[in-house]
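Remarks on the structure that follows.
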Amino acid sequence: MDNPEEDSLNLHEDEEIIEVIELNDTEQTAEDLAEELEDVDFSEAGNAGNAGNADDDGWEAEDEMESEQDDSELTFSKHTGSVFCVSLDPVSNSLAVTGGEDDRAFVWSVSDGDVLFECTGHKDSVTCAAFSCDSKLVVSADMSGLIKVWKVENKEEIWSFEVGDLEWLEWHPCAPVLLAGTADGNVWMWKIPSGECKTFQGPSCQATSGKILPDGKRAIVGYEDGSLRLWDLKQGNAVYVIKGHDGHQGALTSIACNKEGTLALTGSVDGQAKLFNTSTGKVLCSFSNENSEAKDSMQEQDSNSVESVGFCNVRYSIDLCLLTKMGVVHLQWEEASAVVYTCNLAGVVTLWDARSGVMMSEYRGHSAEILDFVLNREASVAVTAGGDHQAKVFCLQRPDR
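Taking this note's numbering, the leading residue of the sequence shown gets -2, the next gets one more, and so forth.
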């Protein structure tokens, strides 16, 4: 931020409120962080800007949303339903995989949209699809719990497994290992392609989100009851549990950690985000929507859900987004600058300067909400997944940093 003494909320027309809480550039201890951030919160998005439109008819139906402007370089139109997820291969960033409501997943070229192969055989909406750390494997998984792994080189299925209703799925950062959470509260871990399996039993509620830490030895898992567990992946035990007053009061929606894996940030439907030390499990501070308790219906409370959280790699900052009428679905920091990218339910990709909160640019082209997006390594390309049955490739201009 240009003025670190002002905690400012920034609103651009109908876009999201983004708050960036900047810490010191110098190295800090966990206790320093707690003292510095314990009084920080952020106001309800609905109270700022566009107040005169608060009683408008609300959200437009998908078939009523029209995009007169298309900034994309390429549109992938093989899906016949909403596209729920997208991922880029981490080695070359030349291939994308998308999964959709049509029970299909495709691996395709970002440069020309040509399909390399289709991940066939799914029987429900494909909500998870991603490449392994070496880009040699790709996984596709549907809501019913059917998981399939394919070898990219020969386009062949090499492994499949079926669990209960799937909540999330993630590759290990440096090994051919998958971690998945299910609606029955279990977390599964498999070696691919051998299929060696280990399970981690949580409480009797959904394992709603998960994140493998950078060391590859531990994973943070959040649950529907608001609790959080740090699992030792080798030993199979929970190192600690955060619940009750220290935990969330609603299901966890998102988890992020810094590059060192020493700090983690969680978001929840309770309108709060919590920062904690991953080694000790000590909650350092909480960020809350101060007006969330005033809501008088569950639907209104859900509108305050913290939908996405993330750490900036350049400036030691934390970013939090609230879901509002133009709700942010996902955010991603640029690797080498203090620029944060968001996609929203209006079908727009927006670039923000996290130092000032100023909107730098935006990209349009979808006629419905954007449900997921991913940046390439250089942040020169964004690939989006939309409710209009399309995935799009946007070439991003690089504004002055």
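C-beta atoms are modelled at their ideal positions from N, C-alpha and C, and glycine is treated no differently.
CA nearest to the CA of residue i, picked from the options
i	options	result
D229	Q394, S276, G362 and H242	S276
C130	C116, I209, G78 and T117	I209
C116	L166, S132, K152 and L85	K152
A333	N301, L272, S377 and G244	S377
T95	C282, Q387 and K133	Q387
E159	K256, D139 and H169	D139
D193	L166, D212, S157 and E167	The amino acid at residue 193 is misidentified as Asp; the sequence shows Glu. Among L166, D212, S157 and E167, the Cα nearest to that of E193 belongs to S157.
G405	R374, E375 and G344	Examination of residue 405 is not possible in this model, given that the chain is present from -2 through 398 alone.
T347	F391, G384 and E375	F391
D67	S364, S191 and F114	S364
F114	T124, F103 and L393	F103
D350	T381, N301, M186 and C309	C309
G161	W168, L175 and G142	G142
V88	E375, G384, T381 and A382	E375
N234	S201, V306 and V184	V184
M186	Q232, E150 and V149	Q232
E331	L262, T77 and N373	N373
N90	W105, G78 and V238	W105
Nearest-angstrom beta carbon gap, residue j and residue i [assumed within contact, 8 Å]
i	j	result
Y220	T205	6 Å
T72	K389	5 Å
L134	W147	7 Å
V112	K75	6 Å
Q400	S251	No answer is possible for residue 400: it lies beyond the span of the chain, which begins at -2 and ends at 398.
V174	I155	Contact doesn't hold; Cβ gap of about 14 Å is too wide.
G213	H242	Incorrect: roughly 31 Å between the Cβ atoms, too far for contact.
G223	S201	In fact, because the Cβ distance is near 14 Å, the residues do not count as touching under 8 Å.
A253	V306	5 Å
V145	G118	Correcting the residue type first, residue 145 is Lys in the shown sequence and not Val. K145 to G118, Cβ: 6 Å. Contact.
V266	S302	4 Å
Contact check, residue i vs residue j, beta carbons under 8 Å
i	j	result
E304	G258	no
L225	G244	yes
A180	Q198	no
Q394	S358	yes
A216	L176	yes
D121	D99	no
P211	K256	yes
A127	S84	yes
A382	V80	yes
V123	G97	yes
V218	G178	yes
L163	C125	yes
(request) Decide yes or no for the touch test of the stretch 364 to 380 against the stretch 327 to 344: beta carbon pairs closer than 8 Å, at least 3 of them. (result) yes
(request) Could you name each continuous alpha helix (DSSP H) segment of 4 residues or more that falls completely within the stretch 319 to 358, going from the start of the chain to the end? (result) none
(request) Identify every run of the beta strand (DSSP E) within the stretch 149 to 175, keeping only runs that are complete inside it and at least 3 residues long; order them along the chain. (result) 153 to 159 and 163 to 168
(request) Go through the stretch 92 to 140 residue by residue and report every complete run of the beta strand (DSSP E) that reaches 3 residues or more, in order. (result) 92 to 97, 102 to 106, 112 to 116, 123 to 128 and 134 to 139
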